[in-house]
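Participant: Can you keep this structure in mind? I'll have questions shortly.
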Amino acid sequence: MQRGAAARHRQMVEDMLTRSANVCPGHSTERTTPTVKAVPVGALRVMLKRGLVMCPDRRLDAIAPAVFYGGLGVFAWNPEVKAGSTVITKQIDSMTRKDEYPTDTLVWDAKGTALKQQTVPMFEPRPGAAVLYKVR
Numbered sequence: 045m046q047r048g049a050a051a052r053h054r055q056m057v058e059d060m061l062t063r064s065a066n067v068c069p070g071h072s073t074e075r076t077t078p079t080v081k082a083v084p085v086g087a088l089r090v091m092l093k094r095g096l097v098m099c100p101d102r103r104l105d106a107i108a109p110a111v112f113y114g115g116l117g118v119f120a121w122n123p124e125v126k127a128g129s130t131v132i133t134k135q136i137d138s139m140t141r142k143d144e145y146p147t148d149t150l151v152w153d154a155k156g157t158a159l160k161q162q163t164v165p166m167f168e169p170r171p172g173a174a175v176l177y178k179v180r
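Be aware that the sequence shown starts at 45, since it is given in my numbering, and climbs by one per residue.
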């Protein structure tokens, strides 16, 4: 049973990495993989089902290293800010447990505190990429 669970988790990680490679201009295996692997398997399952995607984005700064672009269903973090990965992983886990995804852009600081009125770079998918997010 344990081996099957590990294989399923590996498959979901691979599926999310494929989606990231297709959608995210800042994707690279080195930047994306460690954070995707840190996301609980249940959260990855929900994200894949809902069409959500994880995108590393080095344009995000240390003040606001983690963002959810609600209209697009994109969770972004700066992989060069140590806390960015931790914060986005916790937010993904929390939001997928509730299965609630606001259409607003949500921004968090390095401690995971929500920031209001914080300007962040606009997310633009790779040219030709289709964002598959299912708004409910």
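Ideal Cβ placement from N, Cα and C applies to all residues, glycine included.
Here's the rule I'm using: 16 or more other beta-carbon atoms within 10 Å means buried, otherwise exposed. How should Ile132 be labelled?
Facilitator: Looking at its Cβ environment, which holds 16 or more other Cβ atoms inside 10 Å, Ile132 is buried.
Participant: In terms of residue numbering, what span does the alpha helix (DSSP H) encompassing Val97 cover?
Facilitator: Per DSSP, Val97 belongs to no alpha helix (DSSP H); it is in the beta strand (DSSP E), Val97 to Pro100.
Participant: With a 10 Å radius around its C-beta and 16 neighbouring C-beta atoms as the bar for buried, classify Thr30 as buried or exposed.
Facilitator: The shown model of the chain, from 45 to 180, leaves out residue 30, and the question about it has no answer.
Participant: Which value, in whole angstroms, describes the spacing of the CA atoms of Val97 and Ile107?
Facilitator: Each residue's Cα considered, the two are about 22 Å apart.
Participant: For Gly156, which option in Val125, Phe167, Ala173 and Asp59 has the closest C-alpha, if you only look at C-alpha atoms?
Facilitator: The candidate whose alpha carbon is nearest that of Gly156 is Val125.
Participant: Do Leu61 and Val83 have their C-beta atoms within less than 8 Å of each other?
Facilitator: No, they are not a contact pair.
Participant: Quick check: what's the CA-CA separation for Cys92 versus Asp105?
Facilitator: One point to set straight first is that residue 92 is Leu, not Cys, in the sequence displayed. For Leu92 and Asp105, the distance between alpha carbons rounds to 27 Å.
Participant: Where does Leu116 sit, in a helix, a strand or coil, going by DSSP?
Facilitator: It is coil, neither helix nor strand.
Participant: I'd like the span of the beta strand (DSSP E) that includes Val125, first residue to last.
Facilitator: Element bounds for Val125: n/a, residue is neither H nor E.
Participant: In this structure, does DSSP put Met45 in helix, strand or coil?
Facilitator: Its pLDDT being 43, under 50, Met45 is placed unreliably by the model, and nothing is read from it.
Participant: Thinking C-alpha only, which one of Pro69, Pro146, Asp153 and Asp137 is nearest Leu88?
Facilitator: Measuring from the Cα of Leu88, the nearest candidate turns out to be Asp137.
Participant: Alpha carbon to alpha carbon, how far is Arg63 from Asp148? Give it in angstroms, no decimals.
Facilitator: Approximately 22 Å, taken between the alpha carbons.
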